[in-house]
Amino acid sequence: MRVRGSAAHPQGMNFAKRLLVVAVAAIVLSFFVVLGGNGGLFGGLPSRVVDTLSDAWNHRPAGYSRAAGTPGPGLTLEGADMGGLADQAAAVRVVTNPAQGYEPDAFGEDWASAGGGCTVRDEVLARDLADVTYSEGSRCQVATGTLVDPYRGFEVAFTRGRATSSAVQIDHVLARATAWRTGANDWSAEQREAFSNDTLNLLAVDGPSNAAKSDKTLSEFASATIDGTPALAEAGRCDFTARYVSVVVKYGLGMYQADKDYAVATLRECAA
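Positions in the sequence shown are counted from 1; adding 1341 to them yields our numbering.
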């Protein structure tokens, strides 16, 4: 579990940005290798590229922390190679006959152990919240913290408890139902559980944002509203799309035509 202090670490964020650019460049170079069938995760990217990509999105150097009011990981990837991801999105296969029969249980346990008595949910909360405190006697169970919602951009206070924990929830950026319908139906149970607990595809968000997104695909969520306001604010549009496409590419999934068109257009606009 990552240690948190009390001050922001801009050098760490700059490193993460540089690492992401390198990762996307590696993806582009490896694309034709992937098409040739030379390895990959569930038919997706080679493992070394996957590791680099995941590290780029999730990297937090030792001692990294954010003060309340500063953006979380959903809003801090300025300078990422959006153009490279746009090219990747353009090459994704189009799904015209989505798989049926989705059941949440097909993706295994919520949430898997992250080791040392910690769960993946705890790990994501510790990564995404600022000013984190931990439950007494625990090194990883988050007791309190402050979230800057990556979808709408406002602060949400988190306090662990039966009546309060739901204020901050963990969202699958690419919903498991969508994953099933676009390729995950062919995976093993172990592969689906690994996908479900991959922190690349997980973000802490506020409760209403999670409810509004639900199983919506990329283009569906981009046009959704909450009480008449966009469910995905303009400030979060580029990074959400980039993360969504990163997950698609990492796992070799397909996309519906509307989502692919939106992804390519948005990422190229973000790269301009």
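C-beta: ideal position from N, C-alpha, C; glycine also.
Quiz item: Taking the alpha carbon of phenylalanine 1581 as the point to measure from, which residue in Leu1543, Tyr1592, Ile1567 has its own alpha carbon closest?
Solution: As a first step, residue 1581 must be located in the sequence shown, where it is residue number 240. Looking at the Cα atoms, Leu1543 is the closest of the given residues.
Exercise. For the segment 1435-1450 and the segment 1521-1537, state whether three or more C-beta atom pairs, one from each stretch, are separated by less than 8 angstroms.
Key: yes
Quiz item: Mind checking threonine 1558: buried by the 16 CB within 10 Å criterion, or exposed?
Solution: For the purposes of this step, residue 1558 is taken as the residue at position 217 of the sequence shown. When all chains shown are included, threonine 1558 counts as buried.
Quiz item: Going by C-alpha distance, which of Arg1462, Val1461, Glu1575, Ala1467 is nearest glycine 1486?
Solution: For the purposes of this step, residue 1486 is identified with residue 145 of the sequence shown, where counting begins at 1. Nearest option by C-alpha distance: Ala1467.
Practice problem: Out of Ala1572, Ala1552, Ile1567, Tyr1585, state which residue places its alpha-carbon closest to the alpha-carbon of leucine 1541. | Solution: Within the sequence shown, the letter at position 200 stands for residue 1541. The shortest Cα separation from leucine 1541 among Ala1572, Ala1552, Ile1567, Tyr1585 belongs to Tyr1585.
Quiz item: Are at least three pairs of beta-carbons, each pair with one atom in the segment 1508-1521 and one in the segment 1547-1564, less than 8 angstroms apart?
Solution: yes
Quiz item: Taking the C-alpha atoms as reference points, what is the distance between leucine 1608 and leucine 1426?
Solution: Here residue 1608 is taken as the residue at index 267 of the sequence shown, counted from 1. Here residue 1426 is taken as the residue at index 85 of the sequence shown, counted from 1. Taking the straight line from one Cα to the other gives about 7 angstroms.
Quiz item: Opposite glycine 1499 in the DSSP bridges: which residues?
Solution: The residue labelled residue 1499 in the question sits at position 158 within the sequence shown. Note on identity: in this sequence residue 1499 is phenylalanine, with glycine being the wrong assignment. DSSP lists Gly1486 as partners of phenylalanine 1499.
Practice problem: Name, in chain order, the residues that DSSP records as bridge partners for leucine 1470. | Solution: Position 129 of the sequence shown holds residue 1470. Partner(s): none; leucine 1470 has no beta bridge.
Quiz item: Taking contact to mean at least 3 C-beta pairs separated by less than 8 angstroms, is the segment 1543-1553 in contact with the segment 1483-1501?
Solution: yes
Quiz item: Could you give the C-beta distance for alanine 1453 and valine 1465, rounded to a whole number, given that I count them as a contact under 8 angstroms?
Solution: As a first step, residue 1453 is located in the sequence shown; it is residue number 112 there, counting from the start. As a first step, residue 1465 is located in the sequence shown; it is residue number 124 there, counting from the start. Not really, about 12 angstroms apart at Cβ, beyond 8 angstroms.
Quiz prompt | Euclidean distance between Cα positions of arginine 1578 and serine 1476 | solution = In the sequence shown, residue 1578 corresponds to position 237, counting from 1. In the sequence shown, residue 1476 corresponds to position 135, counting from 1. Computed Cα separation, rounded: 34 angstroms.
Self-check item: 7 angstroms Cβ cutoff met for alanine 1572 and alanine 1553
Solution: By one-based count along the sequence shown, residue 1572 stands at place 231. By one-based count along the sequence shown, residue 1553 stands at place 212. Yes, they are a contact pair.
Quiz item: Expressed to the nearest angstrom, what Euclidean distance is found between the alpha-carbon atoms of proline 1445 and valine 1605?
Solution: As a first step, residue 1445 must be located in the sequence shown, where it is residue number 104. As a first step, residue 1605 must be located in the sequence shown, where it is residue number 264. Going from the Cα of proline 1445 to the Cα of valine 1605 covers about 29 angstroms.
Quiz item: According to the Cβ coordinates, are methionine 1596 and valine 1473 closer than 7 angstroms?
Solution: Numbered from its first residue, the sequence shown carries residue 1596 at position 255. Numbered from its first residue, the sequence shown carries residue 1473 at position 132. No, they are not a contact pair.
Quiz item: What residue from Arg1501, Thr1566, Gly1449, Glu1561 has the CA that sits closest to aspartate 1331's CA?
Solution: With the chain covering only 1342 through 1613, there is no way to say anything about residue 1331.
Quiz prompt | Element boundaries [alpha helix (DSSP H), containing glutamine 1598] | solution = For the purposes of this step, residue 1598 is taken as residue 257 along the sequence shown, with counting starting at 1. Counting along the chain, the alpha helix (DSSP H) containing glutamine 1598 begins and ends at 1598-1612.
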